[in-house]
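Q: In full-length UniProt numbering, the protein residues as written are 1 to 249. Glycine residues also receive a C-beta, built at the ideal position from the N, C-alpha and C atoms. Treat the numbers as computed from the prediction; the structure is a model and nothing was measured. Here it is, the structure in full.
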Amino acid sequence: MSEVLLSAKNLVKRFGGLAAVNDVSVDLWRGRIHAVIGPNGAGKSTLTNLLSGDLPLTTGSITLGGADVTGRSPERISRAGLGRSYQKTNIFLPFTVWENVRLAAQSRAQHAASWLRRATSYAPTNELAERAIDLAGLKPRRDAIAGTISHGEQRQLEIAMTLATQPKVLLLDEPLAGMGVAEAERMVELLHRLKQEHAILLVEHDMDAVFALADRLTVMVNGQVIASGTPAEIRADAGVQAAYLGEEH
Ligand SMILES: Nc1ncnc2c1ncn2[C@@H]1O[C@H](COP(=O)(O)OP(=O)(O)OP(=O)(O)O)[C@@H](O)[C@H]1O
Numbered sequence: 001m002s003e004v005l006l007s008a009k010n011l012v013k014r015f016g017g018l019a020a021v022n023d024v025s026v027d028l029w030r031g032r033i034h035a036v037i038g039p040n041g042a043g044k045s046t047l048t049n050l051l052s053g054d055l056p057l058t059t060g061s062i063t064l065g066g067a068d069v070t071g072r073s074p075e076r077i078s079r080a081g082l083g084r085s086y087q088k089t090n091i092f093l094p095f096t097v098w099e100n101v102r103l104a105a106q107s108r109a110q111h112a113a114s115w116l117r118r119a120t121s122y123a124p125t126n127e128l129a130e131r132a133i134d135l136a137g138l139k140p141r142r143d144a145i146a147g148t149i150s151h152g153e154q155r156q157l158e159i160a161m162t163l164a165t166q167p168k169v170l171l172l173d174e175p176l177a178g179m180g181v182a183e184a185e186r187m188v189e190l191l192h193r194l195k196q197e198h199a200i201l202l203v204e205h206d207m208d209a210v211f212a213l214a215d216r217l218t219v220m221v222n223g224q225v226i227a228s229g230t231p232a233e234i235r236a237d238a239g240v241q242a243a244y245l246g247e248e249h
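This is the structure:
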């Protein structure tokens, strides 16, 4: 069933005199992919950093799963259900796919007395890791060393590591960057699968993928939203064509 999992209202981020994000509001729904597009410097990464708590807001508010998470640390926002994949990879290359995902799942399960627990009590963490690997389509590569798998598979691994923390909302920053055609197609299929259970915010430069995937789009230029709507509405928007899409096509 569709529901708003994340709601950001009137977000502003100023760096000195520059409003990198200027009065941006966005709702993320379970079952929908919401893409944010715009030219370089539009404020897409800054917006993502505000939603994840990696940057403090100047003003604005964010609710996640109904709870007000405004001003919370990235760790607390993550625990409240937000999962984020970073452009820069967090993968331990000498470890296997399984070990990487297991560590990600474990990082969430850890608490002060975890060193007292018996190995058998880690079963739920193992299950989480197995499920995340399966969902990310990496089962055949489960025991491969992360440094030996393809670039596309490493991006899938980052998503599996994010899924292992059981997020409700996924923020994906350029998941298709540097991918070949076949890898990109696989990632598009994966994102289609993931949206069934998650709300997804997608920042991506590959416009073919964006228009194939997005249910809603927000177009940013110079920190501001110049249009928001369905892919068909955005395609038909004269302002968007002039400000952004016209540059590309
Ligand atoms: N930490 C910072 N300090 C000062 N200015 C910043 C900082 N981070 C970003 N900016 C500025 O904010 C504006 C928005 O940058 P941002 O990286 O969010 O854009 P973007 O849309 O993600 O661009 P790209 O597509 O190139 O990644 C730019 O003018 C950038 O120079």
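Return the chain-ordered ranges of every beta strand (DSSP E) run that is complete within the stretch 28 to 92 and spans a minimum of 3 residues.
A: The stretch 28 to 92 contains these whole beta strand (DSSP E) runs: 33 to 37, 59 to 64 and 82 to 85.
Q: Does ligand 1 have a heavy atom nearer than 7 Å to the CB of Leu202?
A: Position 202 of the sequence shown, counted from the first residue, corresponds to residue 202. False, no ligand heavy atom lies under 7 Å from that Cβ.
Q: On the CB-based measure, 16 or more other CB atoms within 10 Å of its CB, does Ala113 come out buried or exposed?
A: As a first step, residue 113 must be located in the sequence shown, where it is residue number 113. With a pLDDT of 48 at Ala113, under the threshold of 50, the modelled position of this residue cannot be trusted; read the value that follows with caution. By the neighbour-count rule (16 or more Cβ atoms within 10 Å), Ala113 is not buried but exposed.
Q: Got a list of residues with beta-carbon closer than 5 Å to any non-hydrogen atom of ligand 1, in chain order?
A: The filter returns Phe15, Ala20, Asn40, Gly41, Ala42, Gly43, Lys44, Ser45 and Thr46, in chain order.
Q: What residue does the beta strand (DSSP E) around Ala227 start on, and which one ends it?
A: Counted from its first residue, the sequence shown places residue 227 at position 227. Run containing Ala227: Gln224 to Gly229, per the beta strand (DSSP E) assignment.
Q: Measure the alpha-carbon distance for Gln106 versus Ala236 and round it to whole angstroms.
A: Within the sequence shown, the letter at position 106 stands for residue 106. Within the sequence shown, the letter at position 236 stands for residue 236. Looking at the two C-alpha atoms, the distance is approximately 46 Å.
Q: In three-state DSSP terms, what is Ile200?
A: For the purposes of this step, residue 200 is taken as residue 200 along the sequence shown, with counting starting at 1. Note: Ile200 maps to strand in three-state DSSP.
Q: Whose C-beta lies closer than 7 Å to the C-beta of Val21 among residues of the same chain, with five residues either side of it excluded?
A: What you label residue 21 is simply residue 21 of the sequence shown in a count that begins at 1. Taken in chain order, the residues that qualify are Leu11, Val12, Lys13, Gly43, Thr46, Leu47, Leu50 and Gly223.
Q: Secondary structure at Leu217, three-state DSSP: helix, strand or coil?
A: In the sequence shown, residue 217 corresponds to position 217, counting from 1. Residue state, collapsed to three classes: strand.
Q: Nearest by alpha-carbon distance to Gly17: which of Thr58, Glu197 and Leu28 is it?
A: Counting from 1 along the sequence shown, the entry for residue 17 is found at position 17. Nearest option by C-alpha distance: Thr58.
Q: By Cβ distance, which residues of its chain are closer than 6 Å to Leu202, with the 5 residues on each side in sequence left out?
A: Taking the first residue of the sequence shown as 1, we reach residue 202 at position 202. Counting only Cβ-Cβ distances below 6 Å, and skipping sequence neighbours, we find Ile33, Ala35 and Leu172.
Q: Tell me which same chain residues have a C-beta within less than 6 Å of the C-beta of Ser228, skipping the five on either side of it?
A: Looking up residue 228 in the sequence shown gives position 228. Excluding residues within five positions, the ones whose Cβ falls inside 6 Å are Thr218.
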